[in-house]
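Okay, structure first, notes after.
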Amino acid sequence: MNAVDYLRISLIDRCNFRCQYCMPDTQDLHFLQPTAVLTTTELLALIREVFIPVGFTRFRLTGGEPLLRPDILDIVHGVVALPQVKDLAMTTNAFLLEPLAQDLYEAGLHRINISLDSLVPETFATIVGRDSQSHQRWSKVWAGIQKAYQVGFNPLKLNVVIIPGVNDHEVLDLAALTIDRQWHVRFIEFMPIGNADLFCDRGWIPSEELRTRIRDRWGLTDGQVQGNGPADVFQIPGAQGTLGFISQMSECFCDRCNRMRLSADGWLRPCLLNETGQLDLKTSLRDGVSTSVLRDRVRELLELKPEINYKERQSGTMGADYSRTMSQIGG
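Heads up: the sequence shown begins at 53 in my numbering, then just goes up one per residue.
Structure below.
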């Protein structure tokens, strides 16, 4: 496996959307109380004194919706100020992004992924949770994307979860966004995490089927892995942007996994697809356990990660019951 140097940090389990694949309506969600969430001070202490010393240098802020954190700019400032940090990125639904984009960029955040599962407001509303303001939601997300592009976020990536029968007919339209703009669209296979009812009803579409549709329309360059991420990256000939395919269901990429995940309440998770080997860092930190002891525990988990990834992967993709939804994990 690759060296594990990338930590996805969930800042909050709440969200202003309720996407089918992340916070399904069938789930009776119980959100964390504010006191259960890692504070900015605790989070920065873990990054500085635990994660960086054991080899983590790349970080991504996620949620829930990370822009719901009122101290988001303080968090960005704090992480970027650490000299060992090589990269900081964020994943957001962009609903709150337009007025914050410039401040985030000036705080040191220069890479961003935005969830955009449809270009059709009605379909978008179906996915993110229909309400009386569904059209306004799509418009504000689109405005946030435009603002991020204007401010200079590069790369600007758009994440698309393909749900059969819901948005799979938009694959070509979404792919076309990369032709005239330096945008990078990432198609993500629908995953069975915390949404068993919907997943069993809909299933997933293999990335190769999506690539075939795009290839038949425009052609497609050969795929390549860029960096240590999970996406196989392709390009429409002559396009400014790229197309990525994250194929965790159809094309196992455990051998190049370089990441762990920290939930908003401080649970460190070594593998997205199963719940083996998690560490409760927040409780230990608040109980006075020294950061040197926490470092040793994380090092031990890093040594176990290859076995967890390979031996436990199938238990997470074959009808497993998850105690947390994707929003609670910070997927």
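All residues carry an ideal CB built from backbone N, CA and C; glycine is no exception.
Do residue i and residue j have their C-beta atoms closer together than 8 angstroms?
i, j, result
"residue 199", "residue 238", "no"
"residue 64", "residue 120", "yes"
"residue 288", "residue 272", "yes"
"residue 131", "residue 347", "no"
"residue 329", "residue 356", "yes"
"residue 214", "residue 291", "no"
"residue 195", "residue 150", "yes"
"residue 205", "residue 162", "yes"
"residue 134", "residue 160", "no"
"residue 262", "residue 223", "yes"
"residue 128", "residue 354", "no"
"residue 331", "residue 311", "no"
"residue 334", "residue 90", "yes"
"residue 155", "residue 113", "no"
"residue 169", "residue 219", "yes"
"residue 180", "residue 70", "yes"
"residue 324", "residue 313", "yes"
"residue 211", "residue 259", "no"
"residue 298", "residue 240", "yes"
"residue 227", "residue 164", "no"
"residue 107", "residue 67", "no"
What does the Cβ neighbour count give for residue i, buried or exposed, with the cut at 16 atoms within 10 Å?
i, result
"residue 143", "buried"
"residue 82", "exposed"
"residue 338", "exposed"
"residue 138", "exposed"
"residue 342", "exposed"
"residue 118", "buried"
"residue 345", "exposed"
"residue 322", "buried"
"residue 384", "Nothing in the structure corresponds to residue 384, since the chain is present only between 53 and 383."
"residue 282", "buried"
"residue 172", "exposed"
"residue 308", "exposed"
"residue 276", "exposed"
"residue 300", "buried"
"residue 327", "buried"
"residue 293", "buried"
"residue 274", "exposed"
"residue 54", "exposed"
Return helix, strand or coil for residue i, following the three-state DSSP convention.
i, result
"residue 310", "coil"
"residue 146", "coil"
"residue 193", "helix"
"residue 284", "strand"
"residue 294", "strand"
"residue 231", "coil"
"residue 62", "strand"
"residue 368", "Note on residue 368: pLDDT 45, under 50, position unreliable in the model; the coordinate value appears next. The answer is helix: DSSP assigns residue 368 an H, G or I state."
"residue 55", "coil"
"residue 89", "coil"
"residue 351", "helix"
"residue 289", "coil"
"residue 27", "Residue 27 lies beyond the residue range present for the chain, which begins at 53 and ends at 383; the question has no answer from this structure."
"residue 361", "helix"
"residue 328", "coil"
"residue 223", "helix"
"residue 68", "coil"
"residue 261", "helix"
"residue 300", "coil"
"residue 341", "coil"
"residue 188", "helix"
Where do the ends of the alpha helix (DSSP H) carrying residue i lie?
i, result
"residue 273", "No alpha helix (DSSP H) contains residue 273, which DSSP labels as neither H nor E."
"residue 176", "173 to 180"
"residue 94", "92 to 98"
"residue 335", "333 to 338"
"residue 156", "153 to 159"
Determine which residues share a DSSP beta bridge with residue i and list them.
i, result
"residue 209", "165 and 236"
"residue 83", "Its beta-bridge partners do not exist; DSSP assigns none."
"residue 139", "110"
"residue 256", "None; residue 256 has no bridge partner."
"residue 241", "214"
"residue 321", "313"
For the beta strand (DSSP E) holding residue i, just list the boundary residues, first then last.
i, result
"residue 124", "Here residue 124 belongs to no beta strand (DSSP E); instead the alpha helix (DSSP H) covers 124 to 132."
"residue 102", "Here residue 102 belongs to no beta strand (DSSP E), and DSSP marks it neither H nor E."
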